[in-house]
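Chains as they are written, first to last, in this note's numbering: chain A, 205 to 499; chain B, 5 to 498; chain C, 13 to 318.
Worksheet: the structure to be examined is printed underneath.
What follows is the structure in structure tokens.
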């Protein structure tokens, strides 16, 4: 069976991609030096992906925290533009993604094409929310007294995400985009069995003006890594959207309770469906400000 | 007599320059009828607890026993949840929003009608001054019911997505002792407006106004089972929160218990909101409107005896102003009147329980031991009851325990800062994030500070203001979810 | 001057008014109430400042000031009567050696719009006629256009005109400076004007002429009491406060006294340091006093209308 990018028809020896982690805008291997075999849905060898360790997770949280101040301080307009650029670059490289999704998930070409298209469109949809979510969630509250009072949404901080296992690109985009467009930074444990689109996506992120540290992608085992993120005291929220095992999900939620993380529980797995705004509101805090009105 | 001269040389003038002593001004207790014992309120009636256990509730100002309150057993909690479920399925979820709103309006009206009675009862059971329960707590309680009554038939406009938001079902609600009736209104009003039914457990030291509220539900002809009140202590609360047939848990109380609750619902489908502790920074810049800032700081920590989750318990004062501000603060504290909660001139009432008093004393002792300077104005404290004078600690640094841990009493830690960035850094350097105060005359700085402060409520040139339209809740370990405003509905719909 | 005045701390209207309202919730009963009523009576500057004032009217006022309650000689006398400068002579005769003082308005009261030498002459007139106190108005036009030094120098000039030669029967007249708070509008302005007046030598700062609303309110009293308190802390000098106009009921008056008690302290609870500029207030105080004494609600027929 051929590995990715094999052009055996011409007989040329191709230069195969090494799949590394994406942390702080850079592509390090796992500090543990481990890797694991990634196979296609049919069992053929695709690549060796880095197997992220808890220390990689630790480093990713540090990078995410470092990036949060700058990313959340950008104007909403700017964040929207950055997310839109991700969509542009993803569109531009769609052929590569279609191939990777096909191989990883065993989809037909048309279904893989569809998944990539929806992923691009979803990025565009979320990009448009950047400078509007505050208008939908924000309020001016009519106090019974001489006070001006307004409520605004603010990003919660560093969000640890367990990405969907099956939907390697569309599902991934659907959990990353809402968190970052609202100003959060993310540490993502990607699909274990289908990590390759995630790492290729990280190349897109690195070239689309997303500041280093805003998105950090760790290929590896959720069962191994996620508990370290769930218990991490400098992680503000936990998105369990991709967790299929209810016991694991319950355990992670329990760990998260130690520092009162905001937890988004696993939901449906129809990633093509309209997501609503729950993925954004789960990681937004409402801040209310008062000031007297007087001369 | 010349002005411009020091007045020391003046002979004493007439006897009228004697101190103005206000004379006792007690609010009458006779307006409220306290029964000798109370049952549980389940399915629209007061019933005896199975197991027949009960406990006493006292007046913390005098230590007299006010009444016996039932302790709900597991069976009682189960019965209450069942009755809430039946009421939900058969009656409340079938009712239109408009009809629900009318019940809530009725309740709001009766709360206003019986407001004096409720205020006196709250002061007797909780220890807070009658002036506060009369002028702040009870009016806000009615206002919250009025506000959410109006949402009940407008949920589709609340901005939660397309279609009409649906209720969750049965809500389990556990509330603390610091604002008993107010916390009840924050929980019950939005839950009912959104179409849920509730089982609420008041704090064991302050159950009486919740039980009077139950009577008001009867007077409003609220369908049985829509509101259930189960009294009891920690065990009852745990039972309620972990009951399998509860769709939603709402808790206000300590961060420790909040953490336990979050753990206990992990892996279930129960939705949870938590309103937990705080250690808010009240930040005063050297261009603050200084007399109002002093008032704001005093109100921020001594209102309600400091038993406030969003209390401004850390004063962050700009170093260039610190000496002057501290002198004014002490002078102002010396005019605070500690005493009988039912006296209309009392500013600071009783500490709610002997346990809480012990905690306050302990942490104050720690403050002294760690080297902070302790000061309180001279106070005549009564012999019986639980009392603590308004106290400040100066020379406090971030490493001191009294700068980090919530004391939940009338104790202020005074910390200085030099620049706005430093103030933000110090204010945010805490696992809590409930509220913050900013005092400055400069508009751009107000907005900059509001942006930077990691707190769910930012009070600028004011403090401790509440309104049913204004969302309230914390960042980080102060909890999650918001109560009040349009956002307060979110916790009760899907 | 401008730098100093504008460097004073600002006043937040909402916070200030809330504090004033909170102080107004103090419940003053029984012995405290009796004390307060008598104190308030002894602080009244019984006032008539009408174009239609005549010697007859002024004499009637003086009689009332000396003996406010015709039925009860134990009732304290008022602190002073307050009249236009051309009535001072009449008042002087009517008051004799009763101890009730004569306050005269001067300096082109109420508008203050006249040349300085005219205002000074007006003052001297009143002093020569026997006034114990001069209630002057500041030049609000100058204040609001930022000419603070002009305002300051006028007060100094009027204070000089209050002086009496060495060995006179009476000491120098005391100067009350009327800020006319209704025209200053903002509490920040009131604070600044208070400081300006005190630094220029005022013995008392006074809210209003009574001809412009709002006149004396509790929040204004609060700002001015804070100013005299801070002035004393800075300089050691004590200045009195006189709210004037709009105080009609005993309940209101007692709120002012509570405020003094809690903001500046008992030293100001004395007619030497606090006055009410009022007319109808006195009868309400008398009615309340009578009710406390007799247990019955009283009626206006039992008190004189002068």
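Note that the Cβ used here is the ideal one computed from N, Cα and C, for glycine as well.
Euclidean distance between Cα positions of residue 441 of chain A and residue 173 of chain B: 26 Å
Rounded straight-line distance, which links the Cα of residue 110 of chain C to that of residue 18 of chain B: For residue 18 of chain B, the predicted model reports a pLDDT of 37, less than 50, meaning its position is unreliable and no value from the coordinates is stated.
Selection of the stretch 265–283 of chain C by Cβ proximity to chain B, strictly under 7 Å: Using a CB distance below 7 Å, the part of the stretch 265–283 of chain C facing chain B consists of 269, 273, 274, 278, 279, 281 and 282, ordered along the chain.
Burial state of residue 156 of chain C, where buried means 16 or more other Cβ atoms lie within 10 Å: exposed
Distance CB(residue 374 of chain A)-CB(residue 445 of chain A) smaller than 9 Å: no
Residues that residue 351 of chain A contacts on chain B, provided the C-beta gap is smaller than 9 Å: 466, 469, 471 and 474
Three CB pairs or more closer than 8 Å across the stretch 422–433 of chain B and the stretch 310–322 of chain B: yes
Stretch pair the stretch 298–317 of chain B + the stretch 171–185 of chain B: three plus CB contacts closer than 8 Å: Yes, the stretch 298–317 of chain B touches the stretch 171–185 of chain B.
Residue 286 of chain C in three-state terms, based on DSSP: strand
Neighbourhood of residue 467 of chain B by C-beta, 7 Å cutoff - its chain only, sequence neighbours within 5 removed: 286, 300, 303, 304, 316 and 441
Spatial distance of residue 365 of chain A from residue 142 of chain B (CA atoms): 44 Å
Close Cβ partners of residue 16 of chain B (< 8 Å) along its chain, the five nearest in sequence each way excluded: Note that residue 16 of chain B scores 33 on pLDDT, short of 50, meaning its location in the model is unreliable and no value can be drawn from it.
Three-way DSSP call (helix, strand, coil) for residue 374 of chain B in this model: Here residue 374 of chain B sits in coil by DSSP.
Check whether residue 343 of chain B and residue 386 of chain B have beta carbons under 9 Å apart: yes
Closer than 8 Å at the beta carbon, the chain A residues around residue 278 of chain B: Within 8 Å Cβ-Cβ: 464.
Residue 479 of chain A versus residue 406 of chain A - alpha carbon distance: 23 Å
Whether residue 84 of chain B touches residue 230 of chain B by CB criterion (9 Å): no
Run of the beta strand (DSSP E) containing residue 146 of chain C, from where it starts to where it stops: 145–149
Ordered list of alpha helix (DSSP H) runs contained in the stretch 84–129 of chain B, each at least 4 residues: 101–117
Segment contact, 8 Å Cβ cut-off, at least three pairs: the stretch 488–495 of chain A with the stretch 392–412 of chain A: no
Closest residue to residue 153 of chain C among C:123, C:254 and C:272 (Cα-Cα distance): C:123
C-alpha distance - residue 52 of chain B paired with residue 212 of chain B, whole-angstrom precision: Taking the straight line from one Cα to the other gives about 16 Å.
Opening and closing residue of the beta strand (DSSP E) in which residue 491 of chain B lies: Unbroken run through residue 491 of chain B: none, as it is neither H nor E.
Contact belief for residue 221 of chain A with residue 254 of chain A at Cβ below 8 Å, rounded distance in angstroms: Your pair residue 221 of chain A and residue 254 of chain A does not check out as a contact, with CB atoms roughly 12 Å apart and the cut at 8 Å.
Proximity winner among C:245, C:159, C:181 and C:215, relative to residue 172 of chain C (alpha-carbon distances): C:215
Cutoff 6 Å; reference residue 436 of chain A; Cβ partners in own chain excluding five residues on either side: 265
CA nearest to the CA of residue 18 of chain C, picked from C:202, C:252 and C:238: The option with the nearest alpha carbon to residue 18 of chain C is C:202.
Through-space distance from residue 360 of chain B to residue 254 of chain C, alpha-carbon basis: 46 Å
C-alpha gap between residue 158 of chain C and residue 188 of chain B, whole angstroms: 54 Å
Chain A residues whose Cβ lies nearer than 7 Å to that of residue 483 of chain B: 464
Beta bridge counterpart(s) of residue 113 of chain C as assigned by DSSP: C:92
Euclidean distance between Cα positions of residue 28 of chain C and residue 38 of chain C: 17 Å
Nonlocal neighbours in the same chain, by C-beta distance under 6 Å from residue 495 of chain B, ignoring five residues either side: 277 and 485
Endpoints, alpha helix (DSSP H) assigned at residue 391 of chain A: Unbroken run through residue 391 of chain A is the beta strand (DSSP E), 389–393; no alpha helix (DSSP H).
N- and C-terminal bounds of the alpha helix (DSSP H) containing residue 45 of chain C: 42–54
Residue 403 of chain A and residue 281 of chain A closer than 9 Å at C-beta: no
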